[in-house]
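In what follows, a single structure is set out as structure tokens and then discussed.
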Amino acid sequence: MAGGIADAGAGTGAGIYRGRAGWLILPSWLVIGFFLLLPVIMMLVYSFLTKEFRGGVIWEFSLAAYDRFFFDRGLFGDEAPVIEWTYITIFWRSLWQAGLATLLCLVIGFPTAWFIATRVPRHRTVWLLLITVPYWVNLLIRTVSMKFLIRDSGPLNEFLLWLGVIAEPVHLINTNLAVQLGLFYSYLPFMVLPVYASAERYNFALSEAAADLYAGRWTTLRLIILPVVRPGIIAGSILVFVPSLGAFLAPDLLGGAKTFMIGSLIEEQFKGNAGNWPFGAAVSMILLTIVMMLLLLYARTQTRREAR
Amino acid sequence: MGKTSGKIIDLRRFPGFLPLTLLCLVMLYAPLLVVMVYSFNDNSSITLWSGFSLRWYDDVFFGLEAPKFKQAALNSLTIAFAAATCATAIAVSAAVAMLRARNLRGRTASFALINLPLMVPEIVTAVASLIFFSAIGFTAGYLTILVAHIVFCIPFAYLPIAARMQSIEDTCEQAAMDLYATPAEAFRLILLPLMLPGIFSGYLLAFIISLDDFLITNFVKGAGIETLPTAIFGSVKQGIKPNIMAISTLLLLVSVGFVTLSYLASRMGQNPKTQINNDKKL
Amino acid sequence: MKTPLTSTALKAAVAAIALTGFSGLAQAEGKLSIYHWFEYIPQELLDSFSREYDVEVTMDTFDSNEALLASLKAGKLGSYDVAVPGDYMVEIMAGEGMLDSFKSSELSNFSNIQPQWLEVSFDPGRKSSIPYQWGSTSFAVNRDKYQGDINTTDILFNPPAELSGRINVLDTPGELLTLASIHLGIPQCSSDREQLKALNNLVQGAKKHWASFGSDTAKDVLVSGDVDVGMIWSGFSAKARAEGANVEYAYPKQGYIVWMDNVVLLKDAPNRANALKFMNFLLEPENAAAVTNYAAYTAGVSGTEPFLTDEVRNSPESNPPAKPVGVFVQACPQEVQELYDAIWTNLKK
Numbered sequence: 002m003a004g005g006i007a008d009a010g011a012g013t014g015a016g017i018y019r020g021r022a023g024w025l026i027l028p029s030w031l032v033i034g035f036f037l038l039l040p041v042i043m044m045l046v047y048s049f050l051t052k053e054f055r056g057g058v059i060w061e062f063s064l065a066a067y068d069r070f071f072f073d074r075g076l077f078g079d080e081a082p083v084i085e086w087t088y089i090t091i092f093w094r095s096l097w098q099a100g101l102a103t104l105l106c107l108v109i110g111f112p113t114a115w116f117i118a119t120r121v122p123r124h125r126t127v128w129l130l131l132i133t134v135p136y137w138v139n140l141l142i143r144t145v146s147m148k149f150l151i152r153d154s155g156p157l158n159e160f161l162l163w164l165g166v167i168a169e170p171v172h173l174i175n176t177n178l179a180v181q182l183g184l185f186y187s188y189l190p191f192m193v194l195p196v197y198a199s200a201e202r203y204n205f206a207l208s209e210a211a212a213d214l215y216a217g218r219w220t221t222l223r224l225i226i227l228p229v230v231r232p233g234i235i236a237g238s239i240l241v242f243v244p245s246l247g248a249f250l251a252p253d254l255l256g257g258a259k260t261f262m263i264g265s266l267i268e269e270q271f272k273g274n275a276g277n278w279p280f281g282a283a284v285s286m287i288l289l290t291i292v293m294m295l296l297l298l299y300a301r302t303q304t305r306r307e308a309r
Numbered sequence: 006m007g008k009t010s011g012k013i014i015d016l017r018r019f020p021g022f023l024p025l026t027l028l029c030l031v032m033l034y035a036p037l038l039v040v041m042v043y044s045f046n047d048n049s050s051i052t053l054w055s056g057f058s059l060r061w062y063d064d065v066f067f068g069l070e071a072p073k074f075k076q077a078a079l080n081s082l083t084i085a086f087a088a089a090t091c092a093t094a095i096a097v098s099a100a101v102a103m104l105r106a107r108n109l110r111g112r113t114a115s116f117a118l119i120n121l122p123l124m125v126p127e128i129v130t131a132v133a134s135l136i137f138f139s140a141i142g143f144t145a146g147y148l149t150i151l152v153a154h155i156v157f158c159i160p161f162a163y164l165p166i167a168a169r170m171q172s173i174e175d176t177c178e179q180a181a182m183d184l185y186a187t188p189a190e191a192f193r194l195i196l197l198p199l200m201l202p203g204i205f206s207g208y209l210l211a212f213i214i215s216l217d218d219f220l221i222t223n224f225v226k227g228a229g230i231e232t233l234p235t236a237i238f239g240s241v242k243q244g245i246k247p248n249i250m251a252i253s254t255l256l257l258l259v260s261v262g263f264v265t266l267s268y269l270a271s272r273m274g275q276n277p278k279t280q281i282n283n284d285k286k287l
Numbered sequence: 028m029k030t031p032l033t034s035t036a037l038k039a040a041v042a043a044i045a046l047t048g049f050s051g052l053a054q055a056e057g058k059l060s061i062y063h064w065f066e067y068i069p070q071e072l073l074d075s076f077s078r079e080y081d082v083e084v085t086m087d088t089f090d091s092n093e094a095l096l097a098s099l100k101a102g103k104l105g106s107y108d109v110a111v112p113g114d115y116m117v118e119i120m121a122g123e124g125m126l127d128s129f130k131s132s133e134l135s136n137f138s139n140i141q142p143q144w145l146e147v148s149f150d151p152g153r154k155s156s157i158p159y160q161w162g163s164t165s166f167a168v169n170r171d172k173y174q175g176d177i178n179t180t181d182i183l184f185n186p187p188a189e190l191s192g193r194i195n196v197l198d199t200p201g202e203l204l205t206l207a208s209i210h211l212g213i214p215q216c217s218s219d220r221e222q223l224k225a226l227n228n229l230v231q232g233a234k235k236h237w238a239s240f241g242s243d244t245a246k247d248v249l250v251s252g253d254v255d256v257g258m259i260w261s262g263f264s265a266k267a268r269a270e271g272a273n274v275e276y277a278y279p280k281q282g283y284i285v286w287m288d289n290v291v292l293l294k295d296a297p298n299r300a301n302a303l304k305f306m307n308f309l310l311e312p313e314n315a316a317a318v319t320n321y322a323a324y325t326a327g328v329s330g331t332e333p334f335l336t337d338e339v340r341n342s343p344e345s346n347p348p349a350k351p352v353g354v355f356v357q358a359c360p361q362e363v364q365e366l367y368d369a370i371w372t373n374l375k376k
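Each protein sequence line maps, in turn, to chains A, B and C. Numbering-wise (the working numbering), the first sequence opens with residue 2 and increments by one. Numbering-wise (the working numbering), the second sequence opens with residue 6 and increments by one. Numbering-wise (the working numbering), the third sequence opens with residue 28 and increments by one.
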């Protein structure tokens, strides 16, 4: 390809790969398109079908699944429809949980990633691998161990009691805080690794320049470093937020399973007693729509930035 | 190193970041410490210590269920390696297309597609995949697991790689093009080395995601095929059994082994001179 | 950056893909594919069957009756030879056309089935299933923490002050709502509005006394002391006591639940002959006793007494009193089931 002149205007694309882009993106379309997109479209169709008793679907069009989500017709289904707040509350609750977990991961994950990125180059891999070593052990085991750690009679409480920090065991298990900890614990490397990938690229000449202009450490962090590492932070946030939304392990095991989260609600429809596949599909589609809107919002801001 | 009014400040350091990192590591390893310590416990309780014993390790290697666990562990590791590799390759190619090609059509749609596996709740992917695979006659077995894993690993590999690529300006590649490099050469010699930390991060993420997956694997796997999560799932939900603790400790040792190997490999691959230069370049 | 690692990883991946070609090569004389609950059959028994009949046995597990149904419906039917559903699930599966039938003459040990388990409502005459184990569902109380009368369902639904917030209930709507119905004295699968409203109010009111919902963790939370009262299956309770919890299993005067798990022959079983051999094998008193000793429930096969361990034979969980009488959970028809599902969703929202 002869084109070596940078194209003026939008995108970081240099025209180097002009004409190849289609081929490069093809594998993704083939693999995900066939093995996931088709099944998901199938689920979308399912959400508009009638539920078969005890699981499965009957090929008859019905809006019952979506109706059930949005409208409350009373316990016996014969009262006048009012807005059904149950599921909206479940969504809201899960969004909060996921948001807090993401924040927690950010607060702890960003410094960690920065720290690793500023180590001697040959040590960085070691640090990164150290972060991921615990994740070779199955998530369920780690969550159950965490449960063991924080229960009333567990080592954490014993340690705090021994330190004299508290007088009585802190009741952590079956609380929201426990769920937060569980989610944070499950998804931490999903924040650290992308932030690291971005941070490692940071050019310290910028910091030097800022210092020459009398900027303090924290100002530099806020005004120079963070914008540069932004792509990593956003990537990490997506990777923590979205799975947390659909998580059910941490909420169930650490939170006592007393309330439905989106994940457990959907699971109940497919694996549980309810056997209401169209409803499960409908809830998933609604979740998918919300998440997709958030992601596309992000994608739009990206393209607009690059079009500068 | 920067200078301000004669004082030398290390611009990389932020107070409080080291303690936070250490806190992070402590929080990550603490639950595992419990598992490791009690895997040497003489009885099966997780609360009473009754003496040091290797009996659970004996059970893992020579007990009744040893062949099952060994095969499961092998399956898990091979699937994770294969899935992470394929997913990373696909992700790299997608990232180059999305971030370097100007006139890619349907860019937003592609972005949504690449992240689709991340957005769909696991149970839905699991059930939908099972139904779909049965419908198209894709017999459940090892391959169904592998395919499903590759699919959901892609976004996990893609996002760190894309994040990394966004910080790399294409000026170097343009310079290469001006020097008559082909696109393939520009990619291989300029972009790829710069992207390596992102690729490495993506690969690691994809690997641990695949190793850990239970729900999707459970639904799409063939009868009789186990991966480690599916083989031990029941054992853990009811309270971790001691032989599972032994398996976990072994896995930890294997992964620490990898860490050590990579550290040694990095030391060997470095010329002492370039090492000093590299260290200075911070 | 770390090129050596990346290339090592690539080489390993290639090797892995090559290995996959070899992983499926080991063949055996005959095969058997079982779909079972977790930890419900000792490995030694499977190995002994495997040796005796020269059959390679593989076993997948599920964690609830409903999960079993869901995965068979979604496409796993045809991969397994036998499964082990609970009583009401046998009826449901039969209704879905998932079961194959056999003649009693095909099982030489058919006569070992205890007479009371022969004509059961979910499979009269035993055409597609054989008894596996039966037990009860009630609750266990930590005697160190509470010394009062425990033989009443009030402990779960209207607990004394010192037990409030110290209760775990099973996360299965079928059993929890049935127990609640027993507590209220209303029939199962009722569609009477007043009764259902009362049921709804009862569980809503009782929820604040409950610390958690958990089925797999039911034993663990009692042993660790997280809760003092746990709704639990009989064998699980016996195991909890064996692990050190000072629990007593209750037989509430209002009634409690009994259940029976059964081995069923699945439709489109790939190894039907081996499946029947396995079912026959399980009807041997010695083998049924092995399962009983392992799971701490009770077999539906006669002649197992001499083979039982003392602990299991004499445990209170295996020896329910003559009164009160336990009841089976019933499978409700569709319209009624939806009402109970609504109550459950209401409870958990």
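Positions of the beta carbon are idealized from the N, C-alpha and C atoms, including for glycine.
Listed in chain order, the alpha helix (DSSP H) elements of length 4 or more contained wholly in the segment 83 to 161 of chain C are 92 to 98 and 114 to 122.
Within chain C, no C-beta atom comes less than 8 Å from the C-beta of A/Gly183; the nearest is roughly 14 Å away. For C/Asn301, the enclosing alpha helix (DSSP H) begins and ends at Arg299 to Leu309.
Annotation for C/Glu133: Leu303 place their beta carbon closer than 6 Å to its own, counting only its chain and skipping 5 residues before and after. Short of 7 Å from the beta carbon of B/Ala96, and not among the five residues preceding or following it, lie these beta carbons of its own chain, in chain order: Ile159, Ala162, Tyr163, Ile166 and Gly207. Annotation for A/Leu50: no alpha helix (DSSP H) segment contains it, though the beta strand (DSSP E) segment containing it runs Leu50 to Lys52. The C-beta distance from A/Ala283 to A/Ser48 rounds to 4 Å, short enough to meet the 8 Å contact threshold.
When the alpha-carbon of C/Ser91 is set against those of A/Phe271, A/Met286 and A/Leu289, the nearest one is in A/Phe271. In summary, the residues of the segment 271 to 298 of chain A whose CB is separated from some CB of chain C by less than 8 Å are Phe271, Lys272, Gly273, Asn274, Ala275, Gly276 and Asn277, in the order they occur in the chain.
When Cβ-Cβ separations below 8 Å define contact, B/Ile150 makes no contact with chain A. Within the DSSP secondary-structure output, B/Ala236 pairs in no beta bridge. For C/Phe355, the enclosing beta strand (DSSP E) covers residues Gly353 to Phe355. At a cut-off of 8 Å, the C-beta of A/Ala236 has a neighbouring C-beta in chain B. By the CB criterion at 8 Å, B/Met41 and A/Tyr186 fall outside the cutoff. Partner residues in the beta bridge of C/Gly257, as assigned by DSSP, are C/Ala167 and C/Asn195. Ala97, Ser98, Ala101, Gly102, Lys103, Ser106 and Tyr107: these are the residues of the segment 93 to 107 of chain C whose beta carbon lies less than 8 Å from some beta carbon of chain B, given in chain order. When Cβ-Cβ separations below 8 Å define contact, A/Asp153 makes contact with chain C.
C/Asp243: not part of any alpha helix (DSSP H); DSSP gives it neither H nor E. Using a CB distance below 8 Å, the part of the segment 219 to 252 of chain C facing chain A consists of Arg220, Leu223, Lys224, Asn227, Lys234, Trp237, Ala238, Ser239, Phe240, Gly241, Thr244, Ser251 and Gly252, ordered along the chain. Think of a sphere of 9 Å around the beta carbon of A/Glu268: the chain B residues whose beta carbon falls inside it are Pro126, Glu127, Ile128 and Leu220, in chain order. Bounds of the beta strand (DSSP E) holding C/Ser60 are Gly57 to Trp64. A residue is called buried once 16 or more other Cβ atoms fall within 10 Å of its Cβ, and C/Lys375 is buried on that count. Listed in chain order, the non-local C-beta contacts of A/Gly257 below 7 Å within the same chain comprise Asn175, local neighbours out to five positions each way being set aside.
Looking at the DSSP output, C/Thr325 shares a beta bridge with C/Trp161. Here B/Val125 carries a coil assignment [DSSP, helix/strand/coil]. The closest CA to that of A/Leu246, considering only A/Arg55, A/Ser265, A/Leu254 and A/Leu255, is found on A/Ser265.
Taken in chain order, the unbroken stretches of alpha helix (DSSP H) that lie wholly in the segment 134 to 159 of chain A and span 4 residues or more are 140 to 151. In the structure shown, A/Val58 adopts extended strand secondary structure according to DSSP, grouped into three states.
Against chain B, a Cβ distance below 8 Å from A/Asn175 picks out nothing, because the smallest value is about 16 Å. Taking the Cα of C/Trp161 as reference, the smallest distance to any Cα among C/Asn289, C/Ala300, C/Gln361 and C/Asn314 is reached at C/Asn289.
Boundaries of the beta strand (DSSP E) harbouring C/Glu275: Val274 to Tyr276, taken from the DSSP string.
Among the residues facing chain B, C/Ser60 is included, as its CB has a counterpart in that chain under 8 Å away. As computed with DSSP, A/Val229 is found in no beta bridge at all. Pairwise C-beta distances place the segment 203 to 220 of chain B in contact with the segment 82 to 90 of chain B, as three or more of them are shorter than 8 Å.
Within 8 Å of the CB of C/Pro343, no CB atom of chain A is found; the nearest one sits about 27 Å away.
DSSP places C/Val290 in the uninterrupted beta strand (DSSP E) bounded by Tyr283 to Leu292.
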